[in-house]
Structures are given as structure tokens and as C-alpha cells.
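Novice:
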Amino acid sequence: MNTDRLWFLVVSGLTILSAIYVGSYREIWDSAIQTATAPFRPAHFDWELCSTLHNQLLDIGWEKANVSRTRDTRSWWEFHWDNNIRNDNGRSTQSMLEELERRFPPDLTRFLKTAQNDNPGDPNWAHFFWGFWGLSWPSEMLDWLDKVDDSSKLYQAGRHGIMLYRTSTEFSRSMGILFGVKENKAFSLWSINWASFDPEKDVYVPLESILQGFLDMVAEKRVEAFPVGYGPPDWTFSDSSPWYRTANYDIVLPITLKAWDRLVETIESKLPNRAPRTPILPAWTNESLSEAGLAPNDRNDEYAFFRAFLSQMRQPRFSYVAPGLRLSLLHERSIQEFNDRDVFDLSKPHMQRRVDNLQSFDFPFLFLRADDKFLTAQQVKWEWPFDRKERFLTGLYLQRSHCYPDGAKLVLPMEVGIHGWARRSDGTRLDQGAWERSRPAGLYDGLYSPGDSHVYYAAQLRLANLLDNWRKMVERGYWKVGKHGVKGGIKVFQEADSWQMWKRYQIDTTW
37 MNTDRLWFLV
47 VSGLTILSAI
57 YVGSYREIWD
67 SAIQTATAPF
77 RPAHFDWELC
87 STLHNQLLDI
97 GWEKANVSRT
107 RDTRSWWEFH
117 WDNNIRNDNG
127 RSTQSMLEEL
137 ERRFPPDLTR
147 FLKTAQNDNP
157 GDPNWAHFFW
167 GFWGLSWPSE
177 MLDWLDKVDD
187 SSKLYQAGRH
197 GIMLYRTSTE
207 FSRSMGILFG
217 VKENKAFSLW
227 SINWASFDPE
237 KDVYVPLESI
247 LQGFLDMVAE
257 KRVEAFPVGY
267 GPPDWTFSDS
277 SPWYRTANYD
287 IVLPITLKAW
297 DRLVETIESK
307 LPNRAPRTPI
317 LPAWTNESLS
327 EAGLAPNDRN
337 DEYAFFRAFL
347 SQMRQPRFSY
357 VAPGLRLSLL
367 HERSIQEFND
377 RDVFDLSKPH
387 MQRRVDNLQS
397 FDFPFLFLRA
407 DDKFLTAQQV
417 KWEWPFDRKE
427 RFLTGLYLQR
437 SHCYPDGAKL
447 VLPMEVGIHG
457 WARRSDGTRL
467 DQGAWERSRP
477 AGLYDGLYSP
487 GDSHVYYAAQ
497 LRLANLLDNW
507 RKMVERGYWK
517 VGKHGVKGGI
527 KVFQEADSWQ
537 MWKRYQIDTT
547 W
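Each residue of the sequence shown is one higher than the last, beginning at 37 in our numbering.
1) Grouping DSSP H, G and I as helix and E and B as strand, with all else coil, what is residue 222?
2) Under the rule that 16 or more other beta-carbon atoms within 10 Å means buried, what is residue 533, buried or exposed?
3) Are the beta-carbon atoms of residue 137 and residue 129 separated by less than 8 Å?
4) Runs of 3 residues minimum, wholly inside the region 299-386: which ones carry the beta strand (DSSP E) assignment?
5) Tell me whether the region 523-532 and the region 282-293 touch, counting them as touching only if at least three CB pairs, one residue from each stretch, are closer than 8 Å.
6) Just how far apart, CA to CA, sit residue 440 and residue 430?
7) With H, G and I counted as helix, E and B as strand and the rest as coil, what does DSSP make of residue 215?
8) Can you name, in chain order, every residue of its own chain whose Cβ lies under 6 Å from the Cβ of residue 295, other than the five neighbours on each side?
9) In terms of residues, what are the limits of the alpha helix (DSSP H) holding residue 445?
10) Residue 539 by DSSP, collapsed to three states: which one?
11) With respect to the alpha helix (DSSP H) encompassing residue 254, which residues constitute its N-terminal and C-terminal limits?
12) Does residue 301 pass the burial test, meaning 16 or more other C-beta atoms within 10 Å, or should it be called exposed?
13) Classify residue 126 as buried or exposed, calling it buried when 16 or more other Cβ atoms lie within 10 Å of its own Cβ.
14) How would you label residue 481, buried or exposed, when you count the other beta carbons within 10 angstroms and need 16 or more for buried?
15) Identify, in the order they occur along the chain, each residue of the same chain with its Cβ nearer than 6 Å to the Cβ of residue 224, setting aside the five sequence neighbours on each side.
16) DSSP three-state label for residue 262, please.
17) Quick one: grab the DSSP three-state call for residue 166.
18) Consult DSSP for residue 146 and reduce its assignment to one of helix, strand or coil.
19) By the 10 Å Cβ neighbour count, where 16 or more other Cβ atoms means buried, how is residue 530 classified, buried or exposed?
20) Using the beta-carbon count (16 or more within 10 Å), is residue 536 buried or exposed?
21) With a CB to CB cut of under 6 Å and the five nearest residues on each side skipped, what residues in its chain are close to residue 356?
22) Measure the C-alpha to C-alpha separation of residue 318 and residue 326 and round it to an integer number of angstroms.
23) Name the residue from 547, 133, 517 whose alpha carbon lies nearest to the alpha carbon of residue 309.
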């Protein structure tokens, strides 16, 4: 056997062994990451805390709706026990409750005996929270215990659960917050066709983390309750009376400005002596905001948060806020490719009607730029009508959506995730969308994304969360600072796809 052939066989053998080892290594680490990124898992179902949070949310809704005087303070269990209606088969509610008590974990029964009734029978009051009718009825809970479809993913995974809270008609009434009676944990299933749901892989979370998320959204006025009969203000969306999704940024704006100020202060504290002593760019003015496409309009003022943030933000003494991401120069501020209405044919009547029906038209606003890096529509998918744009700049975009006036999206000039380490907030790989996927694949716009939320079906990256993450990267010395700001170049973000550093680039949030 000649030397070349021997060398070929040795190299081939080592390659095969390496592949086998790495494959096994990847499976072990994938399992470890799923555990490490899962929300905190208590040893038992904290039914007392869940009952308290449930009742707090009801307190807010009833008070804001101005119907507190008619409130039924009985528990869910008492309400259904006292009504004791019979179903089509002649079975009484009391007998159903007795069966549920036999089959449920004791703590779940305790929760239902202390969580207050959320269904007063008033046609003007229909929702426990935005998107949720409330706790399911006893007959529905029994159906879930007894009649899970044999072809469903739940059945195949051997799950035994109930739909504890039902979604509203905004989604599918048969879906909602799934509670695993074996796991004593919950999973928000917004639709039976929810593409990314895989009960064998997805992480069930404590029910209290979902209920607390609802209260957090109320505290930040992303979802608000209004008096019955008052009618939704112009800046609310989708009726789940008395709850509405809002574009209110009274609370969100100060939080975001503070996060920006802290990031700027942290970077400036590390600037070398030769750095500029004054801001390098002037503040945004009404004129420059209008030139950038952020002028007020006659309909829902979807740009109000952008204008308020940009006009009030502290102007720094440096250019680069993150590796390879810089503030727009003065002449670049008005260059907003997604604001070209002619490109999207929005000047035509039939297209304008489509926009009017959507109640909003808010283009992705390029806030921080990556130096002259372009992508195509085949590499990053935007929502209609922005998917018509064939070529666009990379960087940090601001894009509002319902409940998220402060929504953000980082579009990088290179893929991140091809090694399978980068993770969303929910612990899934960046490419893990359709449940049948198993191989890692990179994304240009997946880094820092929240993934599937148990609190809100279309969660977005919040700008303040991103700025806080970047501040910590600078504070802890992971990112270095030079004369022009954060150093390193845009490829630094590829660290997020390494086993040593992926956790630094994951934002810990449930919504």
C-alpha cells in the first residue's frame, strides 16, 4: 500500500470518528442548553401565587371597566358548583367537578378553588385578558383529559393536559394555556396549527410566569382595560373587551430613554482621552424627523414613539454603539429605503385601501447602520408590503407592532446560527421554527429575538432590553471601547454562535 493511500485512509477514518463524536457531543449540549435556558422550574405548582396573580388581573379589569359593584367574588369552583347546570347528556356540573377533583393533582384543585370566577355572564364583559376568554368550563377540562385527538402532537408525546385558559375568537376558541397535569407547568398554544409547537422539545413554564407576564404588560400600558361602553380609543386594536392592545408609550418611553442613557454613559466612561469632548451629531429636529418619514399623520400616529425617542435621546460623543453598528450621519438620517411609497405602489387607491384597512402603516426605520452592507429579500423576510423591497441596508431597525411601540429587529450582513449554539429568549435555536426541523441553519435577523412567547403570541424584541444587553457587554469588558466607540466590527456578533459565548447574546425575557 503506497503512502498516499495510507494517508487517505487515516484521514478518512479520523473524519468519520470526529463526525460521530461531534454528533454525540452536539446532542448532549443541545439537551444541556434546553435545560439551561428554560425558565425557573419550581418543584411544585405554586397554586397560591397563581391564584393571587389571577385575582389581581381580575381586580384591574373590573375596576377599569367600572363594573366592580356587580362583581361576583366566588371562586371558579364555587361558581360552577352553585350553578350546577346539566349538559346535553344530563350530567351535572357538580358531578364533573367531583371527577376533576379525583383526577387532578391536589394543587391544581386548590388553585381552582381560590382563583375567582372570571365569567360573570355579562355580554359586555367577555375576557379575562386580551386574547383569553378565561378559565375553561368543567366539561371542557374533562374533554381535554379524555378526548385528545389520537393524531395530535400532544397524544403522540404522551402528554396528559387540559386547556386551563381558553383563547378568544381572535385565535381559536379551543386553544389557550395548556396545563400539563403531570408536569404542573403550562404552555400557551395559540392555535392548533401553531407551527413551532413540539411537546417533545418545547419547554413548559410555570403558570405564574405567564400570569405575571400579563400583569407586566398592563403595568407598561401595552394592554389596557377601559370602561364598558366607553368604546375603544383611536389608538387601540382588537376588541377583547374590556382589554385592548394599545400604542400607549407613557411608561415605555422613559424606560427606553433610561436604557439608552445608561449605555451611552457606560461607553463614554471608557473612551480614551483623545475622543471628542462634545456630541458628534446634532439632536433630531422636527424637520429632520419629517425628512426621515416620521411626520405625524391624520390616522393612528404610529411614529409617535420613534419621534419622542429620537428627539429626546442623549447625543453621544462617539459613533459606534455596538460592534460595527453606528449612528447615522446627518446626511444619512433621511435615507430610509422602506419609506419609499412609490416602490410599494402605496400611492395607488387600491393599495392605499389595504393600508387603511390595516389601521397602520409603519415602515422599518433604520436606527443604527452597518457600514454599507446590503442584503436581499431572499435573505431576510419582511412583512407585506416591505417584502417588495429587493435590496436594503443592514443594521438595527425600529419597527412598531401592536403592544410594542418600541419593537426592534437586528439585521446582520452575515448569518448567525449555523453552528447551532445561538439561542432565542425561549431557548430555541435561531432556525427552530417548524417543529420538524432538526439541523441548525443560520439567520440574518434572528439574533436577540424572543422566540415563541407564552404571554403574547407575537412578541418582539424590545429596544430597552437590547440596549441593556449591550451595556452589560461593555461593562463586563466583553466589548472593548476605542476613540469612535465600541470596537471590533460587525463580525463580533458571530460570537453568539459559539459554545463559550452564546449565553451573553441571549436576552432573558418571557415576552
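The beta-carbon is built from N, C-alpha and C at its ideal position, and this holds for glycine as well.
Note that the structure is a prediction, hence the values are computed from the model and not measured.
Specialist: Per the coordinate set shown:
1) strand
2) buried
3) no
4) 356-358, 361-363
5) no
6) 21 Å
7) strand
8) 500, 503, 504
9) Here residue 445 belongs to no alpha helix (DSSP H); instead the beta strand (DSSP E) covers 443-447.
10) helix
11) 243-255
12) exposed
13) exposed
14) buried
15) 213, 490
16) coil
17) coil
18) helix
19) buried
20) exposed
21) 362, 520, 521, 522
22) 16 Å
23) 517
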